Amino acid sequence: MLWAAMSVAAIGFVLALEIASRGYGLPGPITNQAREVIFAPRSGPLLYASLALTMVVLTWRQRFIAAGVAIGIDVVFFLVRWAFDAEMMFGNGALWVILGCAVVAVTRRTGRERVLLLKGVGLGLLLVAGRKTGDAWLLITSKTRPTVLDPYLATADHALGNPSWVVGRMLRATGPVGTTLLDWVYVQLAVAAVAVALYQLRHVGIERRFPRHHLVRTFLMIGLLGPGIYMIFPVVGPVFAYGTGAFGTGGEPWALANLWPGTPPPIGTPHPMPYDEITPRNCMPSLHTAWATAIFIHSRRGPRALRYAGTFWLIATLTATLGFGYHYGVDLIAGVVFTLTIETALRAHDRGWEMPGIRLVAHGATVFVALLLAYRYLPVEMARHPWVYGPLLLLMMASVIYGYARLDRRWAPRTTPERRSEQHAARQPELV
């Protein structure tokens, strides 16, 4: 029921963004996605990751056929583009196969099999739509929020020791190797999420049903709720507000000063500052941190390699968000609290809203609101008393982490004595 409600909300959200984007004279997420049926996709790896999510509902034979058809279609597109000297990009084949699965579900499947295949198609398309809606939403934030609140966060960040400035200098010292690696990790976050989701959904093709909770649900909810906070607390990030900008947007002459990452901004009375109509206001909270935290959480019950990968992706993403100047330290704290609150709410809903879950959701939401209020109305006090407010911010985040860890242990699936006996017997060598 919750998955259906989330899907309906996502569809309504996409339609609303399409209309809003058209109001600014630009194509919306639906238009941009439709173009990728023929024209060069923006991200081929993302489309193939989406196809992988769709294929969890297929048998192994069907998966090999689907992958072969996708690659074959991409080869044809590659040859045509090469002949016409067009932009060389792959991924159209993956999108064609996903859409083909939808056609097969409607025309060749019935009952539960039709529903299951349509769920797989929806899972894949939601990942693609999330990227497109994110682009459209960021455009809207830049058009509707002419001023940003970066001076408030930059001032509050003094309580944490200005981590973006510190990590920015460290990353520059690593040279192109560290920068290239972290840039790849930062951009391919969705692909990492798909890897974890595929592990969680690995039995769907056999059991013919989805598990009660998995990473895609959390990812979708973060993407639905997060951008709304951007509108309430518009922030562009240190490299834009105090540096030369990135991606050809922001920076000088809009920056207050060219200080990042060499010199932390001085403590003063913050005020909203005007900014361009191109740079997204997408810092508070850090959704990259939120999504990386979700990947870390959901990789904990996987094999050792997956747990190591989830840990690496979280650490690398946190380093990238700070080292590239995309976020302040206080953004990351808010992102962690944001994710743990959403994850708890989804799991509490599945369990019938037991009191421990309700308490932690209320606590997480209270901490998140308190953080936003402190960043907005107490930044000068935080900067002047870093040894008080710095540890306090970390303790607030730690209280939510501790509460979630306790609740996670309580909600962890327990192995029955019969199941333990079966597992023990399975490990015994056969007697000949």
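Read in order, the letters of the sequence shown are residues 1 to 432 in my numbering. Note that CB positions come from ideal geometry on N, CA and C, so glycine has one too. What you are looking at is a predicted structure, and each value in this text was computed from that prediction instead of being measured.
Residue closest to F210, alpha-carbon to alpha-carbon, out of R409, V56, M382: V56
Whole-angstrom C-beta distance between L322 and G168, which should lie under 8 angstroms: Yes, G168 and L322 are in contact; Cβ-Cβ is about 7 angstroms, under 8 angstroms.
Cut-off 6 angstroms between Cβ atoms - residues of its own chain near M396, not counting five sequence neighbours on either side: For M396, where only same-chain residues beyond five positions count, the Cβ hits under 6 angstroms are V367.
Per-residue burial, P391 [other beta carbons within 10 Å of its own, 16 or more giving buried]: exposed
First and last residue of the uninterrupted alpha helix (DSSP H) at R208: R208 -> no alpha helix (DSSP H), and no H or E assigned at all.
A16 - DSSP class collapsed to helix/strand/coil: For A16, the secondary structure class from DSSP, reduced to helix, strand or coil, is helix.
Given 8 angstroms, three or more beta-carbon pairs between the region 180-194 and the region 101-108: Three or more Cβ pairs closer than 8 angstroms define a contact, and the region 180-194 falls short of that threshold against the region 101-108.
Proximal residues to G226 (C-beta, below 8 angstroms), its chain only, five neighbours per side dropped: P285, L287, A290, F338
Meets three-Cβ-pair contact criterion under 8 angstroms: the region 31-46 and the region 85-94: yes
Beta-carbon spacing of V235, C283 below 8 angstroms: yes
Candidates P146, R35, A70, L117, of which the one nearest Y275 by Cα: P146
Nearest-angstrom Cβ-Cβ length linking C101 and V128, presumed shorter than 8 angstroms: So it is not a contact: roughly 13 angstroms between Cβ atoms.
Nearest neighbour of I30, chosen from G23, V37, R22, E18 [CA to CA]: E18
Top-ranked residue by Cα proximity to D150, from L126, T279, W184, A309: T279
In chain order, each alpha helix (DSSP H) run of at least 4 residues that lies wholly inside the region 16-65: 29-35, 44-54
Bounding residues of the alpha helix (DSSP H) (the contiguous stretch that carries I297): Here the alpha helix (DSSP H) through I297 covers 287-298.
Under 8 angstroms between C-beta atoms of N258 and G237: no
R419 versus R409: straight-line alpha-carbon distance, rounded: The predicted model places R419 with a pLDDT of 44, which falls under 50 and marks its position as unreliable, so this point remains unresolved.
Three-state secondary structure (DSSP) of F361: The amino acid at residue 361 is misidentified as Phe; the sequence shows Val. Three-state DSSP puts V361 in a helix.
Range covered by the alpha helix (DSSP H) that runs through V92: The amino acid occupying residue 92 in the given sequence is Asn; Val does not appear at that position. Run containing N92: 92-108, per the alpha helix (DSSP H) assignment.
Under the three-state DSSP convention, the category A257 falls into: Of the three classes helix, strand and coil, the one that applies to A257 here is coil, per DSSP.
Opposing strand residues paired with T147 [DSSP bridges]: P274
Cβ contact check for the region 64-82 and the region 127-143: 3 or more pairs under 8 angstroms: No, because fewer than three Cβ pairs between the region 64-82 and the region 127-143 fall closer than 8 angstroms, the two stretches do not touch.
Range of the contiguous alpha helix (DSSP H) that encloses M170: 163-187
Chain-order list of residues whose beta-carbon lies under 8 angstroms from that of Q188 (same chain, five-residue window excluded): P45
Start-to-end residues for the alpha helix (DSSP H) that takes in T344: 329-350
Backbone CA spacing between L143 and R281 [nearest angstrom]: The residue asked about is misnamed: residue 143 is Lys in this sequence, not Leu. Taking the straight line joining both Cα atoms gives about 10 angstroms.
Contact set for A426: own chain, Cβ-Cβ below 8 angstroms, skip 5 residues either direction: A caution first: A426 carries a pLDDT of 40, below 50, which makes its placement in the model too unreliable to give a value.
Assigned exposure category for P176 - 16 Cβ within 10 Å defines buried: exposed
Of the listed residues L47, I401, L372, T155, nearest to M231 (C-alpha basis): Ranking the options by Cα distance to M231, first place goes to L372.
Nonlocal neighbours in the same chain, by C-beta distance under 7 angstroms from L346, ignoring five residues either side: Closer than 7 angstroms at the Cβ level, and outside the excluded window around L346, lie H213, R217, T218, M221.
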